[in-house]
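Below: the structure, in structure tokens.
What follows is the structure in structure tokens.
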């Protein structure tokens, strides 16, 4: 007996199932999932062994009633079903399995309506992955700086900057500073140079807060750029130096300032600035956390421990107010008299 001829729709479905063989279900994108959901979310009726809606698809897939009730709580039960199914490796979460199950629950119409979208998603998944971009060339150490200096354009700011350069770049500290106006790259736009230096070539940014700083657009740009690269001061990249008693910008609320308003104390503060520039942006935990061997080697004599415990006890003691002490004293005196 000759095989019965198949219809065009059946041929389309068979070709699609063959094309989608072993393709993971998770490759279906939002459009395909939405098309399937629009048709299967609508409550259907039983045709044969399963109902012809999402409930029948879930049952055919192997879900229990308790699990299907969880899908009912979602705005789109079909979307919830497909998302969960794509993570169940034992349930054969592939596109061809989905299409076969749709045919079994008497919904070839859903397959035909979604055929173009599903085929497009499968084609996209089969395309070779794009070659990774070549790694960004590393900046040679000779082109790197320890800190970028942001300062105003008044005579006082420029003089302070020169003093800073003489001290920090001297033999005592040997720090390499990038000073706009002295070290600018030739041929590039000003803000492009600033962005490149702060983002890629300078470890820290020294911000000199002064009256000249408040009036400078260049300083405002450099500060905002540096803060955007270290939000919330997570890497402690910015070092604010308070030269004048001016209002500190709001974006520096999380950063402690170095006070240079008193000229007589500056020579004490410069070593702190140099040490901050040299320390790592993100210190390693090994640099400050003690080891088990360190704890084992810690020895305290009995007098030291006794004194330590006494101090802790006094610190934790709740003492009554003085008025209550006076009342207790007076009551004690009355009892003695009686």
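Numbering (the working numbering), first residue to last: 6 to 343.
Where is the CB? At the ideal position from N, CA and C, for every residue including glycine.
Around the CB of residue 268, fewer than 16 other CB atoms lie within 10 Å, so the residue is classed as exposed.
Along the stretch 73-113, the alpha helix (DSSP H) occurs as fully enclosed runs of 4 or more residues at 82-90, 100-109, listed in sequence order. The alpha helix (DSSP H) runs of length 4 or more contained entirely in the stretch 211-291 are, from start to end of the chain, 216-219, 222-234, 271-283. Across the structure, residue 280 and residue 78 are spaced so that their CA atoms are roughly 59 Å apart. Of all alpha-carbon atoms in 67, 155, 93, 43, the one lying nearest the alpha-carbon of residue 229 is that of 155. According to DSSP, residue pairing for residue 55 in a beta bridge involves 52. As the crow flies, the alpha-carbon of residue 167 is around 51 Å from that of residue 135. Around the Cβ of residue 85, a 10 Å sphere holds 16 or more other Cβ atoms; the residue is buried. Secondary structure at residue 65: helix, using DSSP grouped into helix, strand and coil. In chain order, 246, 247, 248, 271, 274 place their CB closer than 7 Å to the CB of residue 265, counting only its own chain and leaving out the 5 sequence neighbours on each side. A buried status is given to residue 57, since no fewer than 16 other beta-carbon atoms sit within 10 Å of its beta-carbon. Each residue's CA atom was taken as its position, placing residue 199 and residue 209 some 13 Å apart.
Burial check for residue 137: the Cβ neighbour count within 10 Å stays below 16, so the residue is exposed. By the CB criterion at 8 Å, residue 24 and residue 62 fall outside the cutoff. Straight through space, the alpha carbons of residue 87 and residue 121 are spaced by roughly 19 Å. Collapsing the DSSP output to three states places residue 151 in a strand. Burial check for residue 213: the Cβ neighbour count within 10 Å reaches 16 or more, so the residue is buried.
Residue 152 sits close to residue 180, with the two beta carbons spaced by under 8 Å.
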